[in-house]
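FYI, the numbering used here numbers position 471 of the sequence shown as 472, with every residue one higher than the one before it.
Single-structure report; data block below.
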Amino acid sequence: MSIEQKAIKGVFWSSIQNWGSQTGSLITFLVLARLLSPEDFGLVALANTFVVFFNLFVDQGFSTALVQRHELDEAHVNTAFWVQLLLGIFLTLLGISSAGWVADRFQQPLLAPILRWFSSIFLLRALSMVQRALLKRKLAFKEIAIRALSGIILGGLVGISMAVGGHGVWSLVGQQLTYEGVGVVAFWGFSEWRPKGQVSLRHLKELSDFGISIFGSNILTFFNNNSDTLLIGYFLGEVVLGYYAIAYRVLQVLTQLLIGTGTQVTLPILARFQTEPRRLASAFYKIIGYVSLVAIPTFMAVVFLASELVIVIFGRHWAPAIPMMQVLAFGGVFYLILFFNISVFVAMGKPHLRFRLEILNAVLNILCCVIAVRWGGLAVAYAFAISDFLVIPASLWTLKRVMKVSLKDYLKQFAAPSICTAFMILLIGLLRLWLQDTLPLQLVLIICTLSGAAFYIFCLRRFAPVLFQEICDLAKTGFSQRSEPSKVEECAKN
Numbered sequence: 002m003s004i005e006q007k008a009i010k011g012v013f014w015s016s017i018q019n020w021g022s023q024t025g026s027l028i029t030f031l032v033l034a035r036l037l038s039p040e041d042f043g044l045v046a047l048a049n050t051f052v053v054f055f056n057l058f059v060d061q062g063f064s065t066a067l068v069q070r071h072e073l074d075e076a077h078v079n080t081a082f083w084v085q086l087l088l089g090i091f092l093t094l095l096g097i098s099s100a101g102w103v104a105d106r107f108q109q110p111l112l113a114p115i116l117r118w119f120s121s122i123f124l125l126r127a128l129s130m131v132q133r134a135l136l137k138r139k140l141a142f143k144e145i146a147i148r149a150l151s152g153i154i155l156g157g158l159v160g161i162s163m164a165v166g167g168h169g170v171w172s173l174v175g176q177q178l179t180y181e182g183v184g185v186v187a188f189w190g191f192s193e194w195r196p197k198g199q200v201s202l203r204h205l206k207e208l209s210d211f212g213i214s215i216f217g218s219n220i221l222t223f224f225n226n227n228s229d230t231l232l233i234g235y236f237l238g239e240v241v242l243g244y245y246a247i248a249y250r251v252l253q254v255l256t257q258l259l260i261g262t263g264t265q266v267t268l269p270i271l272a273r274f275q276t277e278p279r280r281l282a283s284a285f286y287k288i289i290g291y292v293s294l295v296a297i298p299t300f301m302a303v304v305f306l307a308s309e310l311v312i313v314i315f316g317r318h319w320a321p322a323i324p325m326m327q328v329l330a331f332g333g334v335f336y337l338i339l340f341f342n343i344s345v346f347v348a349m350g351k352p353h354l355r356f357r358l359e360i361l362n363a364v365l366n367i368l369c370c371v372i373a374v375r376w377g378g379l380a381v382a383y384a385f386a387i388s389d390f391l392v393i394p395a396s397l398w399t400l401k402r403v404m405k406v407s408l409k410d411y412l413k414q415f416a417a418p419s420i421c422t423a424f425m426i427l428l429i430g431l432l433r434l435w436l437q438d439t440l441p442l443q444l445v446l447i448i449c450t451l452s453g454a455a456f457y458i459f460c461l462r463r464f465a466p467v468l469f470q471e472i473c474d475l476a477k478t479g480f481s482q483r484s485e486p487s488k489v490e491e492c493a494k495n
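As C-alpha cells, this is what we get:
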C-alpha cells in the first residue's frame with residue numbers, strides 16, 4: 002500500500018476517532034450541562050488550564066520528535082519513555098503540594114482538591130505518550146481510534162452517573178480521570194513496544210534538539226489558547242468563565258472534528274515528502290483544500306445558528322454564551338489557516354518557524370485579551386479571534402518563503418468553499434426569517450441545518466464540479482481495499 006493510500010486510510014480512521022469521540026463527548030457534555038451549573042464548568046475549566054500547561058513539561062516535544070524522525074533507534078524510544086516518566090512523577094507531586102496555593106490566588110477553595118486529583122493525570126499521560134507516538138508513526142490510527150472511543154464512552158458513563166447521584170463538580174473530575182486511565186490500558190495493550198532500562202544522553206540530545214522548538218511552540222500555543230480562560234477566571238469569576246467555557250467547548254469540538262482529523266495524518270504523511278518539495282506542496286494543497294470544504298461552511302453555520310443551538314441543546318439558562326459562541330466560531334475560520342501552516346513547518350523539520358509564529362501569536366493574544374477583559378467575556382472572545390487574524394499575514398509570508406509556492410495557488414484552495422458558503426448562509430438567513438415566528442426552535446434548527454447542507458453540496462457540484470468529483474472519488478477510496486492511485490497521490494506526482 003502506497004503512502005498516499007495509507008494517508009486515505011489514516012484519514013478514515015482518524016475521522017472515526019474524531020467524529021466518534023467528539024460525538025460521544027458532546028452527548029456527555031450536553032447531558033452534564035443540564036445537570037450541572039455554570040460554576041461547576043468554570044471551576045473544571047480553570048483546573049484543566051493548569052493540567053494542560055504542566056502536561057507540556059511531561060512531553061517536552063519528544064512525542065512529535067518520535068513521529069517526525071526519519072531514522073528512529075530503540076535508544077530514542079527508551080530514553081523518551083524514562084525521561085517522561087520521571088517528569089510525570091515529579092509534576093504529580095508538585096501539583097498535589099501546590100494546589101492550595103493556586104486555589105488561594107484565584108480565591109476558589111474548591112479548586113484545591115480538584116487540582117490534587119487532576120495532578121495524577123501527569124503520571125497517567127507519561128505512561129502512554131511513547132506508545133501513542135509509536136502507533137501514530139506506524140499510521141495505526143485504528144488502534145488510536147479504539148482507545149479514544151472507549152475512553153469517551155466509559156468516562157461519559159462515570160461522569161453522568163456521578164452527576165445523577167448529586168456529586169456536582171466531581172462528576173466532571175471522575176469523567177476525566179476515567180478517560181485518562183482507560184488511555185493507559187489501551188495504549189499498552191495495542192503497542193508491542195515495552196521499555197528497557199536504557200537511557201542515552203546522545204539520543205536524549207537528538208530528541209531535545211528537535212523537541213525544544215516543539216516544546217517552546219507548545220508553551221506559546223498554551224498561552225494563545227488559554228490566556229482568555231485564565232484572565233476571565235481571575236478577573237470575572239467562575240460564572241462568566243462557565244458561559245465562556247461552553248462557547249469555547251463548541252469551538253474545540255468543531256476544531257477537532259473538522260481540522261484535527263486532517264492534522265492527525267498531516268505530520269506523518271508530509272514528513273515522508275520533506276525532501277521532495279513539489280510533492281510536499283501538492284499534498285499540502287490537497288489537505289487544506291479538502292478540510293476547508295467542510296470546515297468553512299460548518300464554522301459559518303454555527304455563527305448564524307448559535308442562538309438556536311444553545312437554546313435547543315443546552316437550555317435557555319445558557320443564553321449568555323450565544324454571542325461568545327458566534328464570535329469564537331467566526332474566529333475558527335482564521336484559526337484554520339494558521340493550523341495547517343504549523344503542521345507543514347514541523348513536517349519539513351523546521352519547527353523553529355512554528356516557534357516564531359507562536360511567539361507573535363502569543364504576544365498579540367495576551368495583549369488583546371488583557372486589554373479586552375475589562376469589558377467582559379464577549380470582548381475577550383473578540384480579542385481571541387482578532388489575534389489569530391493579525392498573525393495570518395506573517396504566517397502566509399513564511400509559508401511562501403519556505404515552500405516556494407505561489408500565494409495565489411494557496412489562497413485558491415479556499416475559493417470554492419468560501420463562495421458556496423456565502424450562498425448557503427444566504428439561504429439559512431432567509432429560512433430563519435421565514436420560520437422563526439411560526440415553528441418551534443427545534444424544527445427551525447433542523448430545517449436550516451439540513452437545507453443549508455444540501456444547498457452547499459448543490460452549489461459545490463454546480464460551481465466546482467471537478468473538485469466535487471475529487472471528493473466523491475476520495476470517499477470511495479477511503480472505503481475501498483483496492484490499490485489504485487488516489488487523487489492525492491496523482492496530484493503529488495504531478
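Glycine included, C-beta positions come from ideal geometry on N, C-alpha and C.
How many angstroms separate the CA atom of Tyr245 from the CA atom of Phe54? 19 angstroms
> Quick one: any contact between the region 299–315 and the region 459–473, if contact means 3 or more CB pairs under 8 angstroms?
Replying inline: no
Report yes or no: do the region 187–194 and the region 125–135 share at least 3 C-beta pairs separated by less than 8 angstroms?
yes
Checklist entry - Which of helix, strand or coil does DSSP assign to Ala141? => result coil
Fill in: Whole-angstrom distance between Val84 and Met301, CA atom to CA atom
43 angstroms
Self-check item: Within 9 angstroms, strictly: CB atoms of Ser396 and Leu428
Solution: no
Please give me, in chain order, every unbroken run of the alpha helix (DSSP H) with length at least 4 that falls completely inside the region 348–409. 352–373 and 378–404
Measure the C-alpha to C-alpha separation of Gln18 and Ile147 and round it to an integer number of angstroms. 7 angstroms
- Query: Cα separation between Ala48 and Phe390?
  - Reply: 28 angstroms
- Query: Is it buried or exposed for Arg195, if we count other Cβ within 10 angstroms and need 16 for buried?
  - Reply: exposed
message: Between Gly212, Leu379, Ala320 and Phe469, which has its C-alpha nearest Pro352's C-alpha?
response: Gly212
Item to complete: Kindly list the residues whose CB is nearer than 6 angstroms to the CB of Ile215, restricted to its own chain and excluding five residues on each side of it in sequence; keep chain order.
Response: Gly62, Thr65 and Pro352
Q) When the Cα atoms are used, what is the spatial distance from Ala100 to Ala113? A) 5 angstroms
Exercise. Relative to the alpha-carbon of Leu155, which residue among Lys137, Asn227 and Leu178 has its alpha-carbon at the smallest distance?
Worked result: Leu178
Taking the straight line between their C-alpha atoms, what separation do you get for Thr50 and Asn226? 9 angstroms
Query raised in the report: Ends of the alpha helix (DSSP H) at Glu193?
Result: Glu193 -> no alpha helix (DSSP H), and no H or E assigned at all.
Which of helix, strand or coil DSSP assigns to Phe469: helix
Going by C-alpha to C-alpha distance, which of Thr450, Arg70 and Tyr411 sits closest to Glu207? Arg70
Of the residues Leu306, Gly378, Ile472 and Leu36, which one's Cα is nearest the Cα of Gln437? Leu306
| field | Gly43 vs Gly316 beta-carbon contact at 9 angstroms | value | no
* Which of the three DSSP states, helix, strand or coil, is assigned to Glu239? -> helix
_Ignoring anything shorter than 4 residues, give me the alpha helix (DSSP H) runs that lie fully in the region 155–211, in order along the chain._
171–191
| field | From Leu111, Leu37 and Asp229, residue whose alpha carbon lies closest to that of Ser162 | value | Leu37
Using alpha carbons as the reference points, say which of Asp105, Phe91 and Ala284 lies closest to Ile122.
Phe91
* Asked: How is Phe51 classed by DSSP in three states: helix, strand or coil?
  -> helix
Are three or more beta carbon pairs between the region 357–367 and the region 381–388 nearer than 8 angstroms?
yes
| Are there 16 or more other CB atoms within 10 angstroms of the CB of Lys137, so buried, or fewer, so exposed? | buried
Task: Distance, Ile338 Cα to Leu296 Cα - done: Correcting the residue type first, residue 296 is Ala in the shown sequence and not Leu. Whole-angstrom Cα-Cα distance: 11 angstroms.
* Hey, quick one: how far does the alpha helix (DSSP H) through Asp105 stretch, first residue to last? -> Glu75 to Phe107
Could you check where the alpha helix (DSSP H) with Pro114 kicks off and where it finishes?
Leu112 to Phe119
Handout entry: Nearest residue (CA-CA) to Phe415, options Gly198, Tyr249 and Leu294
Key = Leu294
Alpha carbon to alpha carbon, what distance is there between Gly378 and Asn342? 29 angstroms
Ordered along the chain, which non-local residues of its own chain (more than five positions away) have a Cβ less than 7 angstroms from that of Trp171?
-> Met163
* Asked: By Cβ distance, which residues of its chain are closer than 7 angstroms to Glu144, with the 5 residues on each side in sequence left out?
  -> Leu136 and Phe191
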